[in-house]
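Residue numbers (the numbering used here), protein chains in the order written: chain A, 90 to 247; chain B, 90 to 247; chain C, 90 to 247; chain D, 90 to 247; chain E, 90 to 247; chain F, 90 to 247. Glycine is no exception: its CB is placed at the ideal position from the N, C-alpha and C atoms. Here the structure is a predicted model, which means the values were calculated and not measured.
Protein chains: 6
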Amino acid sequence: MRNPLPWLKLHRAEAHCDIPCGIYDPITAKIAAQTVQKMVLRIQALAVPASNAPVEEQRAYANTLARYVTVKEEHAEICKKELRILWSDYFRPEHLQRYPDLHTTFWNAEKLAGRNKQNVDMAAAQELVATVDRIAQIFWATKNVTYSDPNATVRYGT
Amino acid sequence: MRNPLPWLKLHRAEAHCDIPCGIYDPITAKIAAQTVQKMVLRIQALAVPASNAPVEEQRAYANTLARYVTVKEEHAEICKKELRILWSDYFRPEHLQRYPDLHTTFWNAEKLAGRNKQNVDMAAAQELVATVDRIAQIFWATKNVTYSDPNATVRYGT
Amino acid sequence: MRNPLPWLKLHRAEAHCDIPCGIYDPITAKIAAQTVQKMVLRIQALAVPASNAPVEEQRAYANTLARYVTVKEEHAEICKKELRILWSDYFRPEHLQRYPDLHTTFWNAEKLAGRNKQNVDMAAAQELVATVDRIAQIFWATKNVTYSDPNATVRYGT
Amino acid sequence: MRNPLPWLKLHRAEAHCDIPCGIYDPITAKIAAQTVQKMVLRIQALAVPASNAPVEEQRAYANTLARYVTVKEEHAEICKKELRILWSDYFRPEHLQRYPDLHTTFWNAEKLAGRNKQNVDMAAAQELVATVDRIAQIFWATKNVTYSDPNATVRYGT
Amino acid sequence: MRNPLPWLKLHRAEAHCDIPCGIYDPITAKIAAQTVQKMVLRIQALAVPASNAPVEEQRAYANTLARYVTVKEEHAEICKKELRILWSDYFRPEHLQRYPDLHTTFWNAEKLAGRNKQNVDMAAAQELVATVDRIAQIFWATKNVTYSDPNATVRYGT
Amino acid sequence: MRNPLPWLKLHRAEAHCDIPCGIYDPITAKIAAQTVQKMVLRIQALAVPASNAPVEEQRAYANTLARYVTVKEEHAEICKKELRILWSDYFRPEHLQRYPDLHTTFWNAEKLAGRNKQNVDMAAAQELVATVDRIAQIFWATKNVTYSDPNATVRYGT
Numbered sequence: 090m091r092n093p094l095p096w097l098k099l100h101r102a103e104a105h106c107d108i109p110c111g112i113y114d115p116i117t118a119k120i121a122a123q124t125v126q127k128m129v130l131r132i133q134a135l136a137v138p139a140s141n142a143p144v145e146e147q148r149a150y151a152n153t154l155a156r157y158v159t160v161k162e163e164h165a166e167i168c169k170k171e172l173r174i175l176w177s178d179y180f181r182p183e184h185l186q187r188y189p190d191l192h193t194t195f196w197n198a199e200k201l202a203g204r205n206k207q208n209v210d211m212a213a214a215q216e217l218v219a220t221v222d223r224i225a226q227i228f229w230a231t232k233n234v235t236y237s238d239p240n241a242t243v244r245y246g247t
Numbered sequence: 090m091r092n093p094l095p096w097l098k099l100h101r102a103e104a105h106c107d108i109p110c111g112i113y114d115p116i117t118a119k120i121a122a123q124t125v126q127k128m129v130l131r132i133q134a135l136a137v138p139a140s141n142a143p144v145e146e147q148r149a150y151a152n153t154l155a156r157y158v159t160v161k162e163e164h165a166e167i168c169k170k171e172l173r174i175l176w177s178d179y180f181r182p183e184h185l186q187r188y189p190d191l192h193t194t195f196w197n198a199e200k201l202a203g204r205n206k207q208n209v210d211m212a213a214a215q216e217l218v219a220t221v222d223r224i225a226q227i228f229w230a231t232k233n234v235t236y237s238d239p240n241a242t243v244r245y246g247t
Numbered sequence: 090m091r092n093p094l095p096w097l098k099l100h101r102a103e104a105h106c107d108i109p110c111g112i113y114d115p116i117t118a119k120i121a122a123q124t125v126q127k128m129v130l131r132i133q134a135l136a137v138p139a140s141n142a143p144v145e146e147q148r149a150y151a152n153t154l155a156r157y158v159t160v161k162e163e164h165a166e167i168c169k170k171e172l173r174i175l176w177s178d179y180f181r182p183e184h185l186q187r188y189p190d191l192h193t194t195f196w197n198a199e200k201l202a203g204r205n206k207q208n209v210d211m212a213a214a215q216e217l218v219a220t221v222d223r224i225a226q227i228f229w230a231t232k233n234v235t236y237s238d239p240n241a242t243v244r245y246g247t
Numbered sequence: 090m091r092n093p094l095p096w097l098k099l100h101r102a103e104a105h106c107d108i109p110c111g112i113y114d115p116i117t118a119k120i121a122a123q124t125v126q127k128m129v130l131r132i133q134a135l136a137v138p139a140s141n142a143p144v145e146e147q148r149a150y151a152n153t154l155a156r157y158v159t160v161k162e163e164h165a166e167i168c169k170k171e172l173r174i175l176w177s178d179y180f181r182p183e184h185l186q187r188y189p190d191l192h193t194t195f196w197n198a199e200k201l202a203g204r205n206k207q208n209v210d211m212a213a214a215q216e217l218v219a220t221v222d223r224i225a226q227i228f229w230a231t232k233n234v235t236y237s238d239p240n241a242t243v244r245y246g247t
Numbered sequence: 090m091r092n093p094l095p096w097l098k099l100h101r102a103e104a105h106c107d108i109p110c111g112i113y114d115p116i117t118a119k120i121a122a123q124t125v126q127k128m129v130l131r132i133q134a135l136a137v138p139a140s141n142a143p144v145e146e147q148r149a150y151a152n153t154l155a156r157y158v159t160v161k162e163e164h165a166e167i168c169k170k171e172l173r174i175l176w177s178d179y180f181r182p183e184h185l186q187r188y189p190d191l192h193t194t195f196w197n198a199e200k201l202a203g204r205n206k207q208n209v210d211m212a213a214a215q216e217l218v219a220t221v222d223r224i225a226q227i228f229w230a231t232k233n234v235t236y237s238d239p240n241a242t243v244r245y246g247t
Numbered sequence: 090m091r092n093p094l095p096w097l098k099l100h101r102a103e104a105h106c107d108i109p110c111g112i113y114d115p116i117t118a119k120i121a122a123q124t125v126q127k128m129v130l131r132i133q134a135l136a137v138p139a140s141n142a143p144v145e146e147q148r149a150y151a152n153t154l155a156r157y158v159t160v161k162e163e164h165a166e167i168c169k170k171e172l173r174i175l176w177s178d179y180f181r182p183e184h185l186q187r188y189p190d191l192h193t194t195f196w197n198a199e200k201l202a203g204r205n206k207q208n209v210d211m212a213a214a215q216e217l218v219a220t221v222d223r224i225a226q227i228f229w230a231t232k233n234v235t236y237s238d239p240n241a242t243v244r245y246g247t
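Structure follows, in structure tokens:
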């Protein structure tokens, strides 16, 4: 590091995180990705009212659709932010040696989350959930934990 | 409920959530509570510089302490918000019948999170984590899942 | 901790607020509830363009409707947050003894605010405003003030 | 655009608000200003620990002081934002004719709120509260209402 | 100024900013204004699906339109906030003497940004960009710099 | 979904941004980095009051220092967010071929911004500004523009 003073050496050793607090968990990104998927499910299940439908039905549709799109957008953004935190704050050079594709994995994940904002696409949403799972697997492996999310289906619901 | 109109009956049945998206997980409140605890640990481990310590050391101390307090505050607030979402959006009248202390449990949890803002108190922080665990147990029981958080210690770190 | 006395007892005495700053006012929730009502009024007054209307008219409609829905959503959320602050930060055990329905009142108010997000429903919006007024009445009674909001109609406008 | 009439004229007539929702109330700025004042009171009442005080006392002091300063900052910012909304969204050219000092009044109020961030100064905090009251008086006069805030003292508390 | 106490005189001299940090740049408002303009361009270029178009196309349209409107709204708000910061934090009494129309310029700019929220209007968007440029010219003139934004067209893109 | 073509290929062509709006500018990250540097300058220039200094002076010091640290933190976070947007939203595979160190450059920049949160270190702050300048150079080169920031010194001020 660029600072020769002795007391900063300590910070170079431990500066793996912004606080550093050391508490990370990809589950936050996972829940956000599942929420994106659920919104796609909800949007696709929403019947478009006929053009001669009562105005109340058209308003209810517009209200609901606008809210689904906003939640999809917000949770895709949460997913992007959480992935960035894992990528730049948690992962360190020694992890990069063990996982040389780390940068590419995160870059593609961020772009995939962006595509989920732009589209209403169940395949892209499922891919986002699967991508976060792969990242979670890498994350927990660096802590010698075998990753699993046994309640993923119950959490997602119907 | 207070609306006699027939079309709201439908909404009364399904309105368990604001979207409703149906995706809830107390793990978000748990991570926030653990972060509060970690900040208390960090603050208590931070050596107060002697009054004749070099000015650089005093600035580093002030910078670090201010950041720890802010993160403690923010995560206690996240904890409060997530608990409110569980309480008012997820839990429904039938849950209240099964868990008649539900309101009291959440009320005390919110107040406990507030006390963690006001103090630097390891006992209060540990109690907050334990309280969120008790709420998580109730939450998952309503979904017929036995709650456990096997990686809680690894997540908390050192 | 620095206080050797039974800490729960001490905190119960002082923990009436997060700072504690002691400044609360249900008027913030009231204004939010009135804004929700105004958005419902605006949405219902907005003429749906005919399917063969000029594209400019359709865009203007979509722009306006999306904005009304977003403002309705945001102010329902502000209402929920402000009610949570009153419930968990201001009200104390002695208030609960005097108002044993306090938890139920707030729980239903939060759920009602959620329904106002989900629907475009003037009856639900009016009920939200009335509910916040009832809570304001309780709040000010604990301070020996008879609640009134004489400018509510002028504030709401046309 | 969908309106063929001279658009400037049309907008001047209707553009009194961003939605336009028409709901404004300076009470939000007033509560924020009172909170700033309360924080100054709290900060000034907080005893600085002696340099040989126990470390727990020094940490409690630092935690509390940092939180008071943050709340002061945030509510001064809320005050600035609310004043800007009144100034640019509510007040219209006809108001400016009746109150030719309107711009100066708001400009000074914004700068005064900024000084309350920069300092711990009871006189400046009291002046901010009084300034918001003067603005509220003007605001309500445009609606033919005589402004009063009868519960200001009770709200402020002790 | 309203404070006769001597130690505030110092602050009166330097209180040109909230920190005071002294770093301001109208480019942030400019980028926000250009983003508003781009959203108007995008919205106007978006083909409204025929009423008998496939439901996927209608959903994609609704998703995209809702996102454009939201981004337009958010960046118009950023523009308003940035302009307020320049107006009330940067500009000082001596600038007002040199630019006596300063208040009017900013007031109209804030209202124009509000109109860009309310409408989908290319002329209003272009006027907002031009207005921010005029303010930037004044800003930099107070620092003896001739304002130019040579990459404005490249930034805006296609 | 509405596109039957191999979706990855299609998206690679268009997914250059989340909206996509196409408006990016590293100047936002640059201003944030300069603000971090200014806060370090301010913190280091702030005289620590003697332990027997008047309590008003100690409070003023604590108020100012807490605010500088908060602004440093917030703008380092803005810098991180803006860099992430450039990295994952703007830069595309063809840029990566031309700049094979792109991932490493951004990763190190994010970590450097994190270190600026953790420390009060003028060398680290200057390095952050220089790093953003290098990224800006790459960014503008992809648009065939030679980057310069001629007013950087005036913007930074004294």
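Can you name the start and end residues of the alpha helix (DSSP H) that residue i belongs to?
| i | result |
| --- | --- |
| Tyr157 of chain D | Val144 to Ile174 |
| Arg244 of chain B | Ala241 to Tyr245 |
| Thr193 of chain E | Leu191 to Gln207 |
| Ile120 of chain A | Ile116 to Ala134 |
| Thr231 of chain E | Here Thr231 of chain E belongs to no alpha helix (DSSP H), and DSSP marks it neither H nor E. |
| Arg187 of chain A | Pro182 to Arg187 |
So, for residue i: in the same chain, excluding its five sequence neighbours on each side, which residues have a beta-carbon less than 8 Å away from its beta-carbon?
| i | result |
| --- | --- |
| Leu191 of chain D | Trp176, Phe180, His184, Leu185 and Ile227 |
| Val137 of chain B | Tyr150 |
| Lys206 of chain C | Lys161, Glu162, Ala165 and Glu166 |
| Lys169 of chain C | Glu199, Ala202 and Gly203 |
| Leu154 of chain C | Ile132 and Leu135 |
| Arg187 of chain E | Thr231 |
Could you compute how far the alpha carbon of residue i sits from the alpha carbon of residue j?
| i | j | result |
| --- | --- | --- |
| Asp222 of chain F | Tyr236 of chain F | 9 Å |
| Arg131 of chain D | Val218 of chain D | 16 Å |
| Arg244 of chain F | Lys119 of chain E | 16 Å |
| Pro239 of chain D | Val234 of chain C | 10 Å |
| Ile174 of chain E | Pro189 of chain C | 48 Å |
| Ile116 of chain A | Ala225 of chain A | 8 Å |
| Leu135 of chain F | Gly111 of chain C | 33 Å |
| Thr193 of chain B | Asn152 of chain C | 44 Å |
| Asn141 of chain F | Tyr113 of chain E | 37 Å |
Closest to residue i by C-alpha separation, out of the options, would be which residue?
| i | options | result |
| --- | --- | --- |
| Arg156 of chain A | C:Val209, C:Asp238 and C:Ile224 | C:Val209 |
| Ala198 of chain C | B:Glu216, B:Asp178, B:Phe195 and B:Ala213 | B:Asp178 |
| Thr242 of chain F | F:Glu171, F:Ala134, F:Gln215 and F:Asp114 | F:Gln215 |
| Gly246 of chain D | C:Asn141, C:Lys232 and C:Thr247 | C:Lys232 |
Once you ignore the five residues that flank residue i on each side, which residues in its own chain have a CB closer than 6 Å to its CB?
| i | result |
| --- | --- |
| Met211 of chain C | Val129 |
| Val158 of chain E | none |
| Ala213 of chain C | Arg204 and Asn205 |
| Trp229 of chain D | Tyr236 |
Quick one: which chain I residues come within Cβ less than 7 Å of residue i?
| i | result |
| --- | --- |
| Asp178 of chain B | The structure shown contains no chain I; its protein chains are A, B, C, D, E and F. |
Which residues in the same chain as residue i place their Cβ atom closer than 7 Å to its Cβ, once the five residues preceding and following it in sequence are excluded?
| i | result |
| --- | --- |
| Thr220 of chain D | Ala198 and Leu201 |
| Phe195 of chain B | Leu172 and Trp176 |
At a cut of 8 Å, does the segment 108 to 124 of chain A reach the segment 151 to 165 of chain A through at least three beta carbon pairs? yes
Evaluate the contact criterion for the segment 197 to 210 of chain E versus the segment 135 to 151 of chain E: three or more CB pairs, one atom per stretch, below 8 Å. no
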